[in-house]
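Asker:
Chains as they are written, first to last, in our numbering: chain B, 2 to 357; chain Y, 32 to 286.
(1) DSSP state of residue 32 of chain Y, grouped into three classes?
(2) Name, in chain order, the residues that DSSP records as bridge partners for residue 131 of chain Y.
(3) Starting from residue 222 of chain Y, follow the beta strand (DSSP E) in both directions and report where the run begins and ends.
(4) So is residue 238 of chain B in contact with chain Y if we call contact Cβ pairs under 8 Å?
(5) Does DSSP classify residue 294 of chain B as helix, strand or coil?
(6) Please say whether residue 113 of chain Y and residue 250 of chain B have beta carbons closer to each other than 8 Å?
(7) Name the two residues that bound the continuous beta strand (DSSP E) containing residue 248 of chain Y.
(8) Could you tell me which of B/289, B/313 and B/315 sits nearest to residue 349 of chain B, measuring between CA atoms?
(9) Buried or exposed: where does residue 111 of chain B fall if 16 or more other Cβ atoms within 10 Å of its Cβ makes it buried?
(10) Shortest alpha-carbon distance to residue 77 of chain Y belongs to which of Y/58, Y/39, Y/94 and Y/56?
(11) Would you mind telling me which residues of chain B sit closer than 7 Å to residue 43 of chain Y, beta carbon to beta carbon, in chain order?
(12) So residue 105 of chain Y contacts chain B; which residues on that side make the cut at Cβ distance below 8 Å?
(13) On the CB-based measure, 16 or more other CB atoms within 10 Å of its CB, does residue 196 of chain Y come out buried or exposed?
(14) For residue 247 of chain B, go through chain Y and note every residue whose CB falls closer than 8 Å to its CB, in chain order.
(15) Using CA atoms only, rank isn't needed, just tell me which of Y/258, Y/149, Y/69 and Y/221 is closest to residue 182 of chain Y.
(16) Distance cutoff 8 Å, beta carbons only. Does residue 170 of chain Y sit that close to anything in chain B?
(17) Please report the distance separating the alpha-carbon of residue 163 of chain Y from that of residue 176 of chain Y.
(18) I'd like the ranges of any beta strand (DSSP E) spanning at least 3 consecutive residues and lying wholly in the region 134-197 of chain Y.
(19) Comparing the C-beta of residue 50 of chain B with each C-beta of chain Y, is any distance below 8 Å?
(20) Hey, out of B/175, B/117, B/246 and B/294, whose CA is closest to residue 190 of chain B's CA?
(21) Unbroken alpha helix (DSSP H) runs of length 4 or more, entirely within the region 73-130 of chain Y: which are they?
(22) What in chain B is Cβ-close to residue 152 of chain Y, meaning under 9 Å?
(23) Does DSSP classify residue 124 of chain B as helix, strand or coil?
(24) Among B/92, B/70, B/332 and B/212, which has the Cα closest to the Cα of residue 265 of chain B?
(25) Ordered along the chain, which non-local residues of its own chain (more than five positions away) have a Cβ less than 8 Å from that of residue 103 of chain Y?
(26) What does a CB cutoff of less than 7 Å around residue 14 of chain B pick up in its chain, not counting 5 residues either side in sequence?
(27) Relative to the C-alpha of residue 176 of chain B, which candidate in B/346, B/7, B/210 and B/99 has its C-alpha closest?
(28) Mapping the DSSP letters down to three states, classify residue 267 of chain B as helix, strand or coil.
(29) Can you give me the Cβ contacts of residue 276 of chain Y inside the same chain, cut-off strictly under 8 Å, excluding the 5 residues immediately before and after it?
(30) Going by beta carbon distance, what residues of the same chain come within less than 6 Å of residue 102 of chain B, once the five residues before and after it are set aside?
(31) Only counting the same chain, and skipping five residues up and downstream in sequence, which positions put a Cβ closer than 7 Å to that of residue 135 of chain B?
(32) Using 8 Å as the limit for Cβ to Cβ distance, is residue 146 of chain Y near chain B?
(33) Looking at residue 105 of chain B: is its Cβ nearer than 8 Å to the Cβ of residue 285 of chain B?
(34) Kindly provide the ranges of any alpha helix (DSSP H) runs that are 4 or more residues long and lie completely inside the region 39-106 of chain B, ordered along the chain.
(35) With 8 Å as the threshold, decide whether the Cβ of residue 301 of chain B is near any Cβ in chain Y.
(36) Check this for me: beta carbons of residue 37 of chain Y and residue 94 of chain Y, under 8 Å apart or not?
Encoded structure:
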């Protein structure tokens, strides 16, 4: 190409500028929502005091405890899990070329739950305690998340094998996900049958994802994994764009498509496994958020991946805050609320006829 | 020689698809690979940029063995326009910018944006540059694919049936643009074609494949009724119109 007769397109810069503005707006919304989530509840803490406590200048001891020990961990868990599930969803949708892909619809979340149940019941990694705030205690988060991850890998291998068959349509993949979900749910039930009361309670609790059960240790582990995988995905954004225009075109552009697919699925499964192992199954966040962002800023993964992270964090944090308020003083597991939002959206996607 | 292929062979599982294919392509030349359906034209193209790995043979681009290069190095040398391109909510500009991927290290540079802009002008896609590629016509999408291969700034372009599923005007547009680029830039092109007359009009050299190997190769002088009868099993006459051969098929039994 003659570079001499090309110039930098102002229209294009304006266009990308709008996307960056969208992402910045998302960050602001997320921060405001985080402050709101921490401030509302049984005891209302004024906005300004929340910000003061964040910056380490809060003086009221009671509020300090509420913020650092209860509300902030829960809010951060929602932010991290939401971002992780959404980014796993957007990457799965891209590399499987399937708009219905997400950790939940492909059965990977249920596989992780089975793995976690296996760790709790067979290896005794967790137990039910009687405290109301923190009903399930994971004695050994590493064992639980490893078991969850290994089971995820089994489900991922099946999904990748099906994706490898050229004829696999989105519907076939989702049906395979239904089959995997049923299989792993049955496995979980089988384990429950042999569990004692406290273990049973712990496992049942798992099937309703709740961000309130994470402590600072879990938040650190999840946070590091989610951040690392987000960085990996963002560095590969161009490759996901290339896969979007077809495998052969992508190979012609120098993308190692099969390795991209394999590593992408493994990393996305790892993130899903981590959230399920610590928080339980939270469905539909990974499906809904990428589609909302796609409608707003398009499929360009340079912006879609960070956008989906933000949308996932915002959605899960908002849903969790709402879940805390709706049935106050009782607490509703956030997974119930995300299913109420996500299931209709899933049906809408099926009916509208997705693109691609 | 920009490209030389020697003793190339490829098997699909155990069925031989190509055997002992050898040819060479000079600078600023357009080569058409012709032959009936299923003869291995597309397979040959995909072997050249190692989307398919040849069973044996050597492929040299500018004297370097392609099989020894990694994917990104190949992508800097060879641009590939597949027969069909998937769509999505990606703008025309971004879809073309994708062609810079083999050159991008961390982020796009001003130069990348300039090259894309030049390609958009060359293919007259200015009005569409911020439209999504799932909203444009098949002909426009094919132009986007060609533009993407252009901005890769390769030394060799591979085009897999660039005119299939296009109307007459778009067929002529695409081939004219490719030939102009080959004349003006340090680039050569290999394309598979079905339409003999379009190939004759826009190519410098021809390769006719039969049963997975080269049956005839050379300039337009090799295009004779006897050769075409052997390759396609069709009776034709070859007329000359303004110096360019024109192939006219005859009805069964009337030859």
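Glycine included, every Cβ here is placed at the ideal spot set by N, Cα and C.
Small disclaimer: the values here were computed from a predicted structure and weren't measured.
Answerer: Quick answer:
(1) Note: residue 32 of chain Y maps to coil in three-state DSSP.
(2) None, per the DSSP bridge assignment.
(3) Looking at the DSSP string, the run of the beta strand (DSSP E) that includes residue 222 of chain Y is 219-223.
(4) Closer than 8 Å: no.
(5) If DSSP states are grouped into helix, strand and coil, residue 294 of chain B belongs with the helices.
(6) Judged by their CB atoms, residue 250 of chain B and residue 113 of chain Y are nearer to each other than the 8 Å cut-off.
(7) Element bounds for residue 248 of chain Y: 244-249.
(8) Residue 349 of chain B has its Cα closest to that of B/289, out of B/289, B/313 and B/315.
(9) Residue 111 of chain B is buried by the Cβ-count criterion.
(10) The shortest C-alpha separation from residue 77 of chain Y is found at Y/39.
(11) Result: empty, since nearest Cβ-Cβ is about 14 Å, beyond 7 Å.
(12) Result: 255.
(13) Burial call: exposed.
(14) Chain-ordered, the chain Y residues with CB closer than 8 Å to the CB of residue 247 of chain B read 113, 115, 116 and 117.
(15) Each of Y/258, Y/149, Y/69 and Y/221 was checked against the Cα of residue 182 of chain Y, and the nearest Cα belongs to Y/149.
(16) At a cut-off of 8 Å between beta-carbon atoms, residue 170 of chain Y makes no contact with chain B.
(17) When rounded, the distance between both Cα atoms is 14 Å.
(18) Here the runs fully enclosed are 187-191.
(19) False, the Cβ-Cβ gap to chain Y never drops below 8 Å.
(20) Nearest C-alpha to residue 190 of chain B: B/117.
(21) Qualifying alpha helix (DSSP H) stretches, in chain order: 102-108 and 123-128.
(22) By Cβ distance, chain B contributes 6 and 7.
(23) In the structure shown, residue 124 of chain B sits in coil (DSSP, three-state: anything other than H, G, I, E or B).
(24) Taking the Cα of residue 265 of chain B as reference, the smallest distance to any Cα among B/92, B/70, B/332 and B/212 is reached at B/92.
(25) Once the five neighbours on either side are set aside, the close Cβ partners of residue 103 of chain Y are 133.
(26) Residues of the same chain with a CB within less than 7 Å of the CB of residue 14 of chain B, apart from the 5 flanking positions on each side, do not exist.
(27) Residue 176 of chain B has its Cα closest to that of B/99, out of B/346, B/7, B/210 and B/99.
(28) Here residue 267 of chain B sits in helix by DSSP.
(29) For residue 276 of chain Y, where only same-chain residues beyond five positions count, the Cβ hits under 8 Å are 231, 251, 254, 269 and 270.
(30) Excluding positions up to five away in sequence, the list reads 93 and 94.
(31) Note that residue 135 of chain B scores a pLDDT of 48, beneath 50, so its modelled location is shaky; the value from the coordinates is reported in the next line. Cβ contact annotation for residue 135 of chain B (same chain, cutoff 7 Å, sequence separation greater than five): 214, in chain order.
(32) So yes, residue 146 of chain Y belongs to the interface.
(33) Taking a C-beta distance under 8 Å as the contact criterion, residue 105 of chain B and residue 285 of chain B qualify as a contact pair.
(34) Counting whole runs of 4 or more residues, the region 39-106 of chain B contains the alpha helix (DSSP H) stretches 48-55, 62-66 and 73-96.
(35) True, the Cβ-Cβ gap to chain Y drops below 8 Å.
(36) Not closer than 8 Å, so no.
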